[in-house]
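One rule links them: number in our numbering = place in the sequence shown (from 1) + 141.
Accompanying notes for the structure given below.
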Amino acid sequence: RWLALPLLLLVPLLAGALYLGLGTPAALLEQSGGGPGAMDIEAMVDGLAARLEQAPDDAEGWAMLGRSYMVLKRYPEAASAFGRLRELVGDDPRVLVRLADALAMTHQRVSGQPARLLRQALKQDPENVEALWMLGMAEAEKGRYRQALDYWQKAEGLLEEEPQARAELQGLIRDARARLGMAQADQKPQQDTPEPGARKETGTAAIPVEVSLDPALKGAAPADAALFILARAVDGPPMPLAVVRRKVSDLPLTVRLDDSLAMMPQMRISAFPRVRVEARISLSGQAKPGPGDLQARPVEVDTGAPAPVRLLIDQRLP
């Protein structure tokens with residue numbers, strides 16, 4: 142639920158000078174009105190990648206390529222580029238944070254390798270706001286809200302000149318405090334006995350989703366093509382409430398869409414009575430639908446429905 146914030150908030154607000162001000166081809170074209178289209182931008186970035194094959198020791202070029210891939214949301218390739226940059230320049234904390242961000246977006250979690258990189262960066266730069274923010278997310282992913290608060294409260298004090306980012310972080314802090322309070326209440330020795338048939342309120346909603354590919358479309362997409370499984374509010378904003386990214390090679394699979402995958406604290410599955418569950422194979426690797434993508438018929442469900450949602454990917458976008 143905390144994962145999208147580095148991209149949605151930290152990149153434009155805190156790392157704007159890094160991602161947008163240092164010459165990334167994609168970012169420069171995004172800022173110019175009437176510039177080349179998406180295909181031209183992709184071609185420019187792919188051209189930079191081809192040039193770096195001939196100049197593999199160009200650290201500045203790898204940094205630019207990694208930033209461009211992040212802007213284009215090509216996260217696995219961004220991770221590879223930042224990994225090569227790390228080989229060239231060593232464990233610079235800025236590079237470690239960029240690599241951690243790309244890996245977190247690739248795997249949809251901050252815990253694990255991204256968190257290890259962030260802790261390494263923080264040892265060298267104890268006031269690195271992005272590292273503090275994302276390490277808080279890693280702790281929150283594990284339900285360790287007290288530890289998350291330690292990181293976030295320190296980051297909050299470093300954001301006085303970034304009011305929008307600070308306000309968003311304060312929202313996370315409030316939410317973590319509320320969850321911490323609920324966790325403490327759950328540990329009280331005296332509990333009210335629920336009435337028979339009463340549903341236990343956990344403050345979250347979870348939807349199991351089974352996804353499979355129509356045999357008729359087997360081979361229609363590469364095994365490493367991106368598979369997006371998401372939930373949107375039936376009556377609400379269009380942005381997804383939860384997103385899981387996998388690969389075609391993972392099919393068939395079962396995933397769980399719940400509040401831990403929320404893009405923002407106020408945009409949780411449990412905040413809406415009904416959601417629309419979708420599954421799509423993206424040939425471009427981008428979250429936005431494109432020609433030739435394969436998708437399932439969406440299914441609308443009540444949040445927290447105990448029965449799994451079954452999605453069959455059997456349609457091709459024109």
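We treat Cβ as the ideally placed atom computed from N, Cα and C, and that holds for glycine.
From a predicted model like this one, the values you see are computed outputs, not experimental measurements.
Task: Sequence-distant residues of its chain with Cβ nearer than 8 angstroms to Q249 (five each side left out) - done: Taking the sequence shown and counting its residues from 1, one reaches residue 249 at position 108. Closer than 8 angstroms at Cβ, skipping near neighbours: L144, V384, V385, R386 and L402.
Open item on the list: For the pair the segment 418-432 and the segment 353-368, tell me if three or more CB-CB distances fall below 8 angstroms.
Closed with: yes
Open item on the list: Determine whether the beta carbon atoms of W203 and L213 lie at a separation below 8 angstroms.
Closed with: Numbered from its first residue, the sequence shown carries residue 203 at position 62. Numbered from its first residue, the sequence shown carries residue 213 at position 72. For W203 and L213, no; Cβs fall outside 8 angstroms.
Open item on the list: Rounded to whole angstroms, what is the Cα-Cα separation between L358 and M246?
Closed with: Working through the sequence shown from its first residue, we reach residue 358 at position 217. Working through the sequence shown from its first residue, we reach residue 246 at position 105. Roughly 28 angstroms between the two C-alpha positions.
- [ ] Give the range of the beta strand (DSSP E) segment to which T395 is assigned.
- [x] Counted from its first residue, the sequence shown places residue 395 at position 254. Run containing T395: L394 to D399, per the beta strand (DSSP E) assignment.
TODO: Sort E228, G284 and D233 by Cα distance to S252 and report the nearest one.
DONE: The residue labelled residue 252 in the question sits at position 111 within the sequence shown. Here the closest residue by C-alpha is G284.
Task: Nearest-angstrom Cα separation, counted from L276 out to S411 - done: As a first step, residue 411 is located in the sequence shown; it is residue number 270 there, counting from the start. As a first step, residue 276 is located in the sequence shown; it is residue number 135 there, counting from the start. About 25 angstroms.
Open item on the list: Taking 6 angstroms as the limit between beta carbons, can you name the residues of its chain near A347, skipping five residues before and five after?
Closed with: The residue labelled residue 347 in the question sits at position 206 within the sequence shown. R397 and D399.
- [ ] Quick one: measure Cβ to Cβ for Q206 and L189, integer angstroms, because I've assumed they're closer than 8 angstroms.
- [x] Along the sequence shown, one-based indexing puts residue 206 at 65. Along the sequence shown, one-based indexing puts residue 189 at 48. According to the sequence provided, residue 206 is Leu. The question's Gln does not apply to it. Their Cβ separation, rounded to whole angstroms, is 5 angstroms, which keeps L206 and L189 in contact under 8 angstroms.
TODO: Give me whichever residues DSSP pairs with V450 in a beta bridge.
DONE: Residue mapping note: residue 450 aligns to position 309 of the sequence shown, counting from 1. Beta-bridge pairing links V450 to V350.
- [ ] Determine the direct distance from the alpha carbon of A220 to that of L382, and round the result to whole angstroms.
- [x] One-based indexing of the sequence shown puts residue 382 at position 241. One-based indexing of the sequence shown puts residue 220 at position 79. Going from the Cα of L382 to the Cα of A220 covers about 25 angstroms.
Task: Cα-Cα separation, R421 to E351 - done: Along the sequence shown, read from residue 1 onward, the residue named residue 421 stands at position 280. Along the sequence shown, read from residue 1 onward, the residue named residue 351 stands at position 210. Rounded to whole angstroms, R421 to E351 spans 13 angstroms at the Cα level.
Task: Nearest candidate by alpha-carbon position, reference A374, set V418, Y210, A289 and G224 - done: On the sequence shown, residue 374 is found 233 positions in, with the first residue counted as 1. Closest in C-alpha terms to A374, from the list V418, Y210, A289 and G224, comes V418.
- [ ] Please determine, among E183, R307 and I314, the residue with the shortest C-alpha to C-alpha distance to R287.
- [x] Within the sequence shown, residue 287 is the residue found at index 146, counting from 1. When only C-alpha atoms are compared, the closest one is I314.
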